[in-house]
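Residue numbers (my numbering), protein chains in the order written: chain R, 6 to 224; chain C, 6 to 224.
All C-beta atoms, glycine included, are put in the ideal place defined by N, C-alpha and C.
Okay, structure first, notes after.
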């Protein structure tokens, strides 16, 4: 791709909606399932049926990233899987730290699904002296005050915030000052961050609201 | 609304995309923030700016549920907040059970954000005899074998699955047989359920992929 096209393409990628990225993650999971079952090719119809969407949506989602598949032949399963892993940044190792060694922080430190996808939890932090030094599997809880120095020595890519709501913004500031540019936030607050920082907020109550909505509007 | 219109409206509501419901949850949070700050009205532009979307999208999302706001005057903050809580089913109490008293199950049992929104965790289950009888705050871990009987005596609305992947489908079957029709699934598998059951799958690794995508496509 010529340099100018690459530049345009990158600006374009930045604008891709969260919902598209979500669907790409889902497509990858279906492809891996198909691969396990030994299927070599898959149509956009089949991918769509599996993901509860339309084949037009599948083709549109994939078209952002170049041309895949041949009309009437469908997509090559291993090849599209590889390309999706590349697009999603899953072809490498990401260093992840967790700030907040409470219940959710601890649960995430133990979560096996992360490492399988190349997300390595390299450290867990807390300010509570009763928690510092405690072990979570292979990790020892470190003092949050050491985060900046630790990160200068061995930079992390992603920080997960699992502190209480009232501490989340100051922890986010510390993370950003330390040079980490991607944050997954479990605290139920909207973090204020500079444009160049990527934040994803996971709100457990909001997830349940998808169900209460369905229940309330069902009959 | 005449009965036939109500029927049509209900079919319509069922088709509303997850992403719309997600945005409604966000709008509600912003409205509550505005309410705390004492604002009486808000324009679709302001709501859109806060939520990183367009005012056309805000108006479209809200138009599914009737007419709100007056041209040029904006939305009445408390009124729209009340209506959104109603739409999202947050104007009542929902009884929630957790199946799987491991790290994530335990973390969710302690999660304060649920009760604030009317989600009451009424029971937590496990099959592991070393966990049964253990206390999580005011809850005692019960034997999963008792779930059906318990639910016949005191029906729950929502079940949260936090068991390992290989046990998730059989737990889902048990939940459905017991009469619970809404499931929040934390196990990294796609559950097979009848059409009338609503499932929401929360995949922690997929959440992180939103960040790895951003990092991989950033520079």
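Per DSSP, the bridge partner or partners of residue i
| i | result |
| --- | --- |
| residue 100 of chain C | C:125 |
| residue 205 of chain C | C:189 |
| residue 165 of chain R | R:103 and R:189 |
| residue 47 of chain R | R:80 |
Residues near residue i in its chain [Cβ-Cβ closer than 8 Å; skip 5 each side]
| i | result |
| --- | --- |
| residue 79 of chain C | 46, 47, 48, 49 and 51 |
| residue 149 of chain C | 104, 130, 131, 132, 176 and 179 |
| residue 240 of chain C | Given a span of 6 to 224 for chain C in the structure shown, any question on residue 240 of chain C remains unanswerable. |
| residue 97 of chain R | 123 |
| residue 161 of chain C | 100, 101, 102, 127, 128 and 185 |
| residue 40 of chain R | 82, 83 and 86 |
| residue 59 of chain R | 53 |
Beta-carbon spacing of residue i, residue j below 7 Å
| i | j | result |
| --- | --- | --- |
| residue 144 of chain C | residue 129 of chain C | yes |
| residue 124 of chain C | residue 93 of chain R | no |
| residue 212 of chain R | residue 207 of chain C | yes |
| residue 109 of chain C | residue 191 of chain C | yes |
| residue 118 of chain C | residue 209 of chain R | yes |
| residue 151 of chain R | residue 106 of chain R | no |
| residue 141 of chain R | residue 112 of chain R | no |
| residue 29 of chain C | residue 85 of chain C | no |
| residue 170 of chain R | residue 194 of chain R | yes |
| residue 33 of chain C | residue 205 of chain R | no |
| residue 44 of chain R | residue 82 of chain R | yes |
Own chain partners of residue i with C-beta closer than 7 Å, once the 5 adjacent residues on each side are dropped
| i | result |
| --- | --- |
| residue 64 of chain R | 49 |
| residue 168 of chain R | 104, 105, 176 and 192 |
| residue 23 of chain R | none |
| residue 156 of chain C | 183, 184 and 185 |
| residue 197 of chain R | 174 |
| residue 95 of chain C | 122 and 123 |
Sequence-distant residues of the same chain with beta carbon closer than 6 Å to residue i, five excluded per side
| i | result |
| --- | --- |
| residue 200 of chain R | none |
| residue 226 of chain R | A query on residue 226 of chain R cannot be resolved here, the shown segment of chain R reaching from 6 to 224 and no further. |
| residue 139 of chain C | 146 |
| residue 55 of chain R | 35 |
| residue 70 of chain R | 92 |
| residue 25 of chain R | 66 |
| residue 222 of chain C | none |
Under 7 Å by beta carbon: chain B residues contacting residue i
| i | result |
| --- | --- |
| residue 23 of chain C | Among the protein chains of the structure shown, namely R and C, there is no chain B. |
Segments of 4+ residues assigned as alpha helix (DSSP H) that fall wholly inside the region 127-151 of chain R: none
Interface residues of the region 179-197 of chain C facing chain R [CB-CB below 7 Å]: 187, 189 and 193
Members of the region 155-181 of chain C near chain R, C-beta cut-off 7 Å: 162 and 163
Residues within the region 37-49 of chain R neighbouring chain C, beta-carbon criterion of under 9 Å: 38
Interface residues of the region 209-222 of chain R facing chain C [CB-CB below 9 Å]: 209, 210, 211, 212, 213, 214, 215, 216, 217, 218, 219, 220, 221 and 222
Chain R contacts made by the region 81-102 of chain C, where a contact means CB separation under 9 Å: 91, 92, 93, 94, 95, 96, 97, 99 and 101
Residues from the region 119-151 of chain C in contact with chain R, defined by Cβ distance under 9 Å: 119, 121, 122, 123 and 124
Residues, ordered as in the chain, of the region 103-115 of chain C that lie near chain R by beta-carbon distance below 9 Å: 107, 108, 109, 110, 111, 112, 113, 114 and 115
Near-chain C residues of the region 55-68 of chain R (beta-carbon distance less than 9 Å), N- to C-terminal order: 55
Contact list for the region 26-37 of chain R against chain C, Cβ threshold 9 Å: 26, 27, 29, 30, 31, 33, 34 and 35
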